[in-house]
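Notes follow once the structure below has been shown.
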Amino acid sequence: MSEDTLPNLDEGAFAPIDGQQLFVTADERPPRILLLYGSLRERSFSRLCAEEGARVLRRLGAETRIFNPSGLPLPDDADADHPKVQELRELATECDGFVWSSPERHGAMTGIMKAQIDWIPLNMGGVRPTQGKTLAVMQVCGGSQSFNAVNQLRLLGRWMRLITIPNQSSVPKAFMEFDDDDRMKPSPYYNRIVDVMEELVKFTRLTRDRRDYLVDRYSERVESAEAVSARVNQRSL
638 MSEDTLPNLD
648 EGAFAPIDGQ
658 QLFVTADERP
668 PRILLLYGSL
678 RERSFSRLCA
688 EEGARVLRRL
698 GAETRIFNPS
708 GLPLPDDADA
718 DHPKVQELRE
728 LATECDGFVW
738 SSPERHGAMT
748 GIMKAQIDWI
758 PLNMGGVRPT
768 QGKTLAVMQV
778 CGGSQSFNAV
788 NQLRLLGRWM
798 RLITIPNQSS
808 VPKAFMEFDD
818 DDRMKPSPYY
828 NRIVDVMEEL
838 VKFTRLTRDR
848 RDYLVDRYSE
858 RVESAEAVSA
868 RVNQRSL
């Protein structure tokens with residue numbers, strides 16, 4: 638048997654890479670970015686970082702929405718028709734990309750951050766609200782710099798089938814990085830947030846209009862073909 642033979646391959650579901658699909662003309666519509674933050678404190682530094690990021694995003698030509706998690710119930714503690722759940726899901730469905738900004742608490746992201754992500758399903762009425770969209774991750778620290786929260790957020794981003802950009806932001810001693818007007822002071826940490834937002838817009842514009850093709854999977858095409866065959870060949874209706 639030749640080494641190039643693929644006897645287990647479903648030829649009907651397999652498709653060569655289509656260069657025209659990869660290089661379609663980009664839509665000039667402004668990217669829509671949804672920003673989530675993970676603290677309900679009156680002076681929430683994860684929120685302040687998200688707001689700084691949103692300002693940069695708008696300067697780069699993006700449209701931004703920041704979701705306020707106050708009033709969002711715990712997952713499974715309310716029905717999906719709860720107004721805050723509906724608001725979050727609609728924003729997640731409409732956006733082209735996400736920014737997740739969480740404090741690090743007990744060495745991990747906060748429960749508030751995780752609850753928001755848990756309320757966004759992988760599949761909702763035949764629509765996948767997150768698949769193929771972009772994601773940037775950030776965290777704020779009360780003490781020295783850490784990357785526990787952003788590492789966890791990256792794992793969740795992969796699980797949610799998001800395209801998580803390479804760059805990220807971690808702000809140590811966040812309480813020292815903002816002035817009395819709640820604006821971030823000039824620093825390498827501010828510059829990194831600008832870097833992250835710039836990269837997010839680039840990746841979003843690069844992938845948004847070819848998202849469906851990028852996440853079109855052989856395994857799912859095989860499964861769809863089998864489902865059609867089972868329906869067509871069933872003995873009775």
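The numbering of the sequence shown is the working numbering, which starts it at 638 and goes up by one.
Every residue gets a Cβ at the ideal spot worked out from N, C-alpha and C, and that includes glycine.
> So what's Met638 in DSSP terms, helix, strand or just coil?
Replying inline: Confidence is the limiting factor: at Met638 the pLDDT is only 48, short of 50, which leaves the residue's position unreliable and the question unanswerable from this model.
> What's the gap between the Cα of Lys721 and the Cα of Pro706?
Replying inline: If you take the alpha carbons of Lys721 and Pro706, they lie about 8 Å apart.
> Using the beta-carbon count (16 or more within 10 Å), is Tyr674 buried or exposed?
Replying inline: A residue is called buried once 16 or more other Cβ atoms fall within 10 Å of its Cβ, and Tyr674 is buried on that count.
> Rounded to whole angstroms, how far is the Cβ of Lys751 from the Cβ of Arg848, which I believe are closer than 8 Å?
Replying inline: Contact between Lys751 and Arg848 is ruled out by a C-beta separation of about 25 Å, above the 8 Å threshold.
> Can you give, in chain order, each stretch of the beta strand (DSSP E) that sits fully within the stretch 787-863 and has at least 3 residues?
Replying inline: With a minimum length of 3 residues, the continuous beta strand (DSSP E) runs that stay inside the stretch 787-863 are 806-808.
> Along the chain, where does the alpha helix (DSSP H) that runs through Leu685 open and close?
Replying inline: Per DSSP, Leu685 belongs to the alpha helix (DSSP H) from Phe682 to Arg696.
> Short check: CB of Arg798 to CB of Pro668, under 8 Å?
Replying inline: With respect to Pro668, Arg798 sits apart: the two C-beta atoms are not nearer than 8 Å.
> With 16 as the cutoff for other CB atoms within 10 Å, does Tyr855 come out buried or exposed?
Replying inline: Exposed.
>> Mapping the DSSP letters down to three states, classify Val661 as helix, strand or coil.
In response: DSSP, reduced to helix, strand and coil, places Val661 outside both helices and strands of the structure shown, so it counts as coil.
>> Assuming the contact rule is C-beta atoms closer than 8 Å, Ala811 and Asn785 should be a hit. Round their C-beta distance to whole Å, please.
In response: Incorrect: roughly 15 Å between the Cβ atoms, too far for contact.
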